[in-house]
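**Q** A single structure is presented below for examination.
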Amino acid sequence: MNEIEIPFGNRTERGAGLAVQLGFTALGVLLMFLAYGDGHLAAMFVGPLVALGGLIGGGVWRRKSRPRRLVVEPQGLRWAEKNGSWAVPWYELAAVALSYDDKPKPSLWLHLTPHEPRTFLATYRSVPMTAFGHRIQLPDDIGGEMLDLALQRHARQVYRGFVPHFDGGPGAFR
5 MNEIEIPFGN RTERGAGLAV QLGFTALGVL LMFLAYGDGH LAAMFVGPLV
55 ALGGLIGGGV WRRKSRPRRL VVEPQGLRWA EKNGSWAVPW YELAAVALSY
105 DDKPKPSLWL HLTPHEPRTF LATYRSVPMT AFGHRIQLPD DIGGEMLDLA
155 LQRHARQVYR GFVPHFDGGP GAFR
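In the working numbering, the protein residues as written are 5 to 178.
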């Protein structure tokens, strides 16, 4: 049985984010130079704000759409991304589940319940954690069906299917 890779992120969106970032930055710089030549003080303040908004907005857009992938394999789960990868073997987990959340936009969550929470936390520091436990918000909800099938195939003993989102704290779906 081979690993199943679910990609997240979009290279086209990254390119669009870069275009927006460069466009607003160039517009802001142009406004600054035109305002300086005409002596308009207000435009000299608007130009840097437009440039800064373009840099920040485009950067956030590019960060949200960066390529990442979740790999489900017979040995466990692996999250692969630049500067943030982690891996967890199945024997460390008591349960794995999925849930959907509609607020503010649809997203897919991966719930991990370890056998020994304190040991798991000390050993797997790079696995994201929320106030409700090890619940990882995946970048979009597109890979839900494929992830469900992958977990059914490789984690049959610990997979609990789809559960209500934030259903009462960590370990509620054991």
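Built from N, CA and C at the ideal position, the CB exists for glycine as well.
Roughly how many angstroms lie between the CA atoms of Trp-94 and Asp-106, to the nearest whole one?
**A** Trp-94 and Asp-106: Cα-Cα distance of roughly 29 Å.
**Q** Give the straight-line distance between the Cα atoms of Gly-51 and Gly-21, rounded to the nearest whole angstrom.
**A** Rounded to the nearest whole angstrom, the C-alpha separation of Gly-51 and Gly-21 is 20 Å.
**Q** Do Pro-78 and His-169 have their C-beta atoms within less than 8 Å of each other?
**A** no
**Q** Below 8 Å CB to CB, which residues in the same chain sit around Val-162 once its five sequence neighbours on both sides are set aside?
**A** Same-chain partners within the cutoff: Trp-94, Leu-97, Ala-98, Ala-99 and Val-100.
**Q** Between the alpha carbons of Leu-153 and Phe-28, how many angstroms are there, rounded?
**A** 43 Å
**Q** The beta strand (DSSP E) that contains Ala-73, what's its start and end?
**A** Note that residue 73 is Arg in the sequence shown, not Ala. It spans 72-77 - the beta strand (DSSP E) in which Arg-73 sits, taken as one unbroken run.
**Q** Using the Cα positions of Arg-82 and Arg-73, report the straight-line distance between them to the nearest angstrom.
**A** 8 Å
**Q** Given a cut-off of 8 Å on the beta-carbon distance, is the pair Leu-114 and Gly-148 in contact?
**A** no
**Q** Pull up the distance between the alpha-carbon of Gly-63 and that of Leu-53, whole angstroms please.
**A** So the two alpha carbons sit approximately 15 Å from each other.
**Q** Can you tell me whether Leu-38 is buried or exposed, with buried defined as 16 or more other CB within 10 angstroms of its CB?
**A** exposed
**Q** Taking all protein chains shown into account, do 16 or more other C-beta atoms lie within 10 angstroms of the C-beta of Ile-60, making it buried, or fewer, making it exposed?
**A** exposed
**Q** Note the first and the last residue of the continuous alpha helix (DSSP H) segment covering Asp-152.
**A** 148-158
**Q** Determine the closest residue to Gly-19 out of Pro-71, Leu-116, Ile-146 and Leu-45, with distance taken between C-alpha atoms.
**A** For Gly-19, the nearest C-alpha among the options comes from Pro-71.
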